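S.K.: Input: one structure, supplied below.
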Amino acid sequence: MIPVPAGARVWLATGHTDMRRGFPSLARQVQEVLRKDPLSGHLFVFRGRRSDLVKGDLARCAAEHEGGEYPNLMRTAL
Numbered sequence: 017m018i019p020v021p022a023g024a025r026v027w028l029a030t031g032h033t034d035m036r037r038g039f040p041s042l043a044r045q046v047q048e049v050l051r052k053d054p055l056s057g058h059l060f061v062f063r064g065r066r067s068d069l070v071k072g073d074l075a076r077c078a079a080e081h082e083g084g085e086y087p088n089l090m091r092t093a094l
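Taking the numbering used here, the leading residue of the sequence shown gets 17, the next gets one more, and so forth.
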């Protein structure tokens, strides 16, 4: 189970998402469709066509993509 810090919002993308998409294209979708900052600390969740796969927690993906450390989301919420 993914702990969601107090104050963080969970954004669920409607429709289906190609699960082959990586962080750059998912982050672009968050910016263009949801008009949100993918590095805001909120959780963005995408589902696959068959609804058997989900992707989420872009803040952690961002740290990995940038070669940094995973953010401690629990600490940032305090």
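Glycine included, each C-beta is placed from N, C-alpha and C at the ideal position. Quantities reported herein were computed from a predicted structural model and do not represent experimental measurements.
Please report the distance separating the alpha-carbon of G64 from that of L28.
M.R.: The residue labelled residue 64 in the question sits at position 48 within the sequence shown. The residue labelled residue 28 in the question sits at position 12 within the sequence shown. When rounded, the distance between both Cα atoms is 12 Å.
S.K.: Between the C-alpha atoms of V46 and D53, what's the straight-line distance to the nearest angstrom?
M.R.: As a position in the sequence shown, residue 46 is number 30, starting the count at 1. As a position in the sequence shown, residue 53 is number 37, starting the count at 1. C-alpha of V46 to C-alpha of D53: approximately 7 Å in a straight line.
S.K.: Between which two residues does the alpha helix (DSSP H) containing L42 stretch?
M.R.: Here the question's residue 42 lines up with position 26 in the sequence shown. Element bounds for L42: F39 to Q45.
S.K.: Taking Cβ to Cβ, would you say V20 is nearer than 9 Å to L55?
M.R.: Here the question's residue 20 lines up with position 4 in the sequence shown. Here the question's residue 55 lines up with position 39 in the sequence shown. No. Outside cutoff.
S.K.: Distance check for A24 and G57, CA to CA, integer angstroms please.
M.R.: Numbered from 1 along the sequence shown, position 41 holds the residue referred to as residue 57. Numbered from 1 along the sequence shown, position 8 holds the residue referred to as residue 24. Each residue's Cα considered, the two are about 7 Å apart.
S.K.: So what does L59 bridge to, in DSSP terms?
M.R.: As a first step, residue 59 is located in the sequence shown; it is residue number 43 there, counting from the start. Answer is V26, bridged to L59.
S.K.: Would you list the residues sitting across from K52 in a DSSP beta bridge?
M.R.: Within the sequence shown, the letter at position 36 stands for residue 52. Answer is none; K52 lacks a bridge partner.
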